[in-house]
Amino acid sequence: MIPAIDIHCHYNSGSVFDTKTDNCYRADTEFLKSERKRLNIRACAVSSFSSVISDKEICECNSALFSLVDRDEFFYQWVVVDPRNDETFVQAEKMLKGDKVLGIKIHSVYHGYSVTDYADKIFSFAAELDAPVLMHPDHITETAKIADDYPRMKLIIAHLGGEEWINAIKNSRHKNIYTDTSGAASSANNVIEFAVSSIGSDRILFGTDTYSCAFQRGRIDYADISEADKENIFYKNAAELFGCLEKIL
Ligand SMILES: [Zn+2]
């Protein structure tokens, strides 16, 4: 099994804003870890569900996760920011100095703002700190255009799901736009294959978004793409983008 890095995942932190779980869907860290280890996924970069579902407890969630990644070598952190909440920026600036914090996560859709209104604020901050931004897809084409003004900033547009993602990467002036394969959208029956044939595999990262690892990993393992492309997607691109991940391979 090709080793993999799960670049996009969420877990329940015990908050009232957690996602609903039951016997058929789990989001506790023990389960996430054991399932990934079984499938040769060597590390998992997370933000808590509550910090992306709600804008009410972002700082508390970031702090709790910062302790978790310090305790548990398997997990890495996305620090969540809300551009309307300056405290999250102060916190992110401090946390990004930690060697297990990969970058900044934004979720404009659940937090309830339009990403185009705040893209300059977020991207200039990220560029300054050399922090990649993991963005829940929102106004993809417009946001990608704004990213052209920040060549040092790397933007990962999550949940590869169609030509809009592929065109954003293709048209990116500084090749600083990436995507991840996490989520149900990658079940479209030619999306991975068409993306690789259009833009190559250098800017596609593997993730699960807390969907079944068997399903997410199988989509890449059995995709109609070369072995070299699979290795790029599963771990090589992530290890290149985030130097701290190289050691876990
Ligand atoms: Zn997500």
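Residues 7 to 255 in this note's numbering are what the sequence shown spells out, letter by letter.
Every residue gets a Cβ at the ideal spot worked out from N, C-alpha and C, and that includes glycine.
- Item | Assigned exposure category for serine 57 - 16 Cβ within 10 Å defines buried | Reading the sequence shown from its first residue, position 51 is the one you call residue 57. Per the 10 Å Cβ criterion, buried.
- Message: For ligand 1, I want to know if aspartate 76 counts as a neighbour, meaning its beta carbon is within less than 6 Å of at least one of the ligand's heavy atoms.
- Response: The sequence position of residue 76 within the sequence shown is 70, counting from 1. Aspartate 76 Cβ: outside cutoff for every heavy atom of ligand 1.
- Beta-carbon gap between glycine 109 and alanine 137 smaller than 7 Å: Within the sequence shown, numbered from 1, the residue matching residue 109 stands at position 103. Within the sequence shown, numbered from 1, the residue matching residue 137 stands at position 131. Result yes, Cβ atoms of glycine 109 and alanine 137 sit closer than 7 Å.
- Would you report the Cα separation of histidine 165 and threonine 187, rounded to the nearest angstrom? For this step, residue 165 is matched to residue 159 along the sequence shown. For this step, residue 187 is matched to residue 181 along the sequence shown. About 5 Å.
- Message: Once the 5 residues before and after phenylalanine 72 are set aside, which same chain residues still bring their CB inside 6 Å of it?
- Response: Counting from 1 along the sequence shown, the entry for residue 72 is found at position 66. Here the set comprises Met101.
- Take glutamate 79 as the anchor and find which of Ala245, Cys50, Asp92, Pro89 has the nearest alpha-carbon. Here residue 79 refers to the residue found at position 73 of the sequence shown. It is Cys50 whose Cα lies nearest to the Cα of glutamate 79.
- Item | For tyrosine 119, the three-state DSSP class (helix, strand or coil) | Reading the sequence shown from its first residue, position 113 is the one you call residue 119. Residue state, collapsed to three classes: coil.
- Message: I'd like to check one pair, cysteine 250 with aspartate 105: are the Cβ atoms closer than 7 Å?
- Response: By 1-based counting over the sequence shown, the position of residue 105 is 99. By 1-based counting over the sequence shown, the position of residue 250 is 244. At the C-beta level, aspartate 105 and cysteine 250 come within 7 Å of one another.
- Could you have a look at valine 85 and say whether DSSP puts it in helix, strand or coil? For the purposes of this step, residue 85 is taken as residue 79 along the sequence shown, with counting starting at 1. Valine 85: strand per DSSP, three-state reduction.
- State the Cα-Cα distance for the pair serine 203 and glycine 20, rounded to the nearest angstrom. Translated into the one-based positions of the sequence shown, residue 203 becomes position 197. Translated into the one-based positions of the sequence shown, residue 20 becomes position 14. C-alpha separation (whole angstroms): 42 Å.
- Item | Same chain, Cβ closer than 7 Å to isoleucine 146, five either side skipped, listed in chain order | Stepping through the sequence shown from its first residue, residue 146 is reached at position 140. So the list reads Ile163, Glu170, Trp171, Ala174, once near-sequence residues are dropped.
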